[in-house]
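Just so it is clear: in the sequence shown, position 80 is 80 by the UniProt record's numbering, and no numbers are missing. What follows is one structure encoded as structure tokens, with my remarks underneath.
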Amino acid sequence: PPPDVSPAPLPAVVDCPICKHQCHLKDVVENYFLRDSGAETAAASQGSSQCCTSCEDNAPATSYCVECSEPLCETCVEAHQRVKYTKDHTVRAAGSGKGKEGERAVYCSVHKHEPLVLFCDTCDTLTCRDCQLNAHKDHQYQFLEDAVRNQRKMLATLVKRLGDKHASLQRSTKEVRSFIRQVTDVQKRVQVDVKMAILQIMKELNKRGKVLVSDAQRVTEGQQEKLERQHWAMTKLQRHQEHILRFASWALESDNSTALLLSKKLV
1 PPPDVSPAPL
11 PAVVDCPICK
21 HQCHLKDVVE
31 NYFLRDSGAE
41 TAAASQGSSQ
51 CCTSCEDNAP
61 ATSYCVECSE
71 PLCETCVEAH
81 QRVKYTKDHT
91 VRAAGSGKGK
101 EGERAVYCSV
111 HKHEPLVLFC
121 DTCDTLTCRD
131 CQLNAHKDHQ
141 YQFLEDAVRN
151 QRKMLATLVK
161 RLGDKHASLQ
171 RSTKEVRSFI
181 RQVTDVQKRV
191 QVDVKMAILQ
201 IMKELNKRGK
211 VLVSDAQRVT
221 EGQQEKLERQ
231 HWAMTKLQRH
241 QEHILRFASW
251 ALESDNSTAL
261 LLSKKLV
């Protein structure tokens, strides 16, 4: 028998909790804005109450290293800035939420100690100097400051265009909502008019029905009265005829000839 072919699994999809937009899990990227704001919050909350964790003196922490995620005392801060592997770390004053360098550096995932200071236009990604000279050789690139300036300019243009479209959409939404209210009002008025028309028609039908019933009653009562008179006259005639028949039968059966002749005028 042919081997079973399992259907390809569907790509994982996630819903944004804010706008409810769906996107594939593979397209989700890290939000550096939230990450850096979280680091600032941690530095502000931890630096003021914790002791230095880089030494054994238990000295009060005066600063916070974002990359190492640990509070530092003044002595360890100086040592931190002298050591080759930590001298470029972002050290922020405890409780201030502001770093000495002003912004957290992002380092290359390949060259761990090289900050991402270039932007490869060909690959649309941040690079360090070593990556730009090797993996991204001969690619179009910009210095980070120029790329940021161009990105801000483009983003500002997009924000303005989106703002204009959003304002237009808001107006259209209000118009549609107004139309919905108008249609609802018209529907209510039509329902009231139809109900009133039905009540008026029922009223007229009831009135007309009463007239028809009255006319029918008058006609039938007149006809009934006429038939009653005819019945009374016919009953009276029937009784008179029965009386004559009884008298005539009695006269025929009688042997009194004189009485028969004397009753000739009566008959």
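Yeah, the Cβ is synthetic: ideal placement off N, Cα and C, and Gly gets one too.
Going by beta-carbon coordinates alone, are residue i and residue j separated by less than 9 Å?
| i | j | result |
| --- | --- | --- |
| V77 | V91 | yes |
| L260 | S254 | yes |
| D15 | H21 | yes |
| C68 | A59 | no |
Does residue i pass the burial test, meaning 16 or more other C-beta atoms within 10 Å, or should it be called exposed?
| i | result |
| --- | --- |
| H80 | buried |
| H136 | buried |
| A94 | buried |
| Y64 | buried |
| G102 | With a pLDDT of 48 at G102, under the threshold of 50, the predicted position of this residue should be treated as unreliable, and no value is reported. |
| A61 | buried |
| L72 | buried |
| T125 | exposed |
| V66 | buried |
| T127 | buried |
| S54 | buried |
| H89 | buried |
| C131 | buried |
| A248 | exposed |
| T258 | exposed |
| G47 | Any reading at G47 is ruled out, since the residue's pLDDT is 44, under 50, leaving its predicted position unreliable. |
| K100 | At K100 the pLDDT is 41, less than 50, meaning the model places this residue with poor confidence and gives no usable figure here. |
Tell me, to the nearest whole angstrom, how far the beta carbon of residue i is from that of residue j; I am working on the premise that it is less than 8 Å.
| i | j | result |
| --- | --- | --- |
| C108 | L116 | 6 Å |
| D121 | Q151 | So it is not a contact: roughly 11 Å between Cβ atoms. |
| D85 | H113 | Per the sequence shown, residue 85 should be read as Tyr rather than Asp. The Cβ separation is near 6 Å, so the contact holds. |
Using DSSP bridges, identify the partner residues of residue i.
| i | result |
| --- | --- |
| L118 | T127, F143 |
| L72 | S63 |
| Q22 | D15 |
| V91 | C65 |
| Y107 | P115 |
| C52 | Looking at the DSSP assignment, C52 forms no beta bridge with any residue, so it has no partner. |
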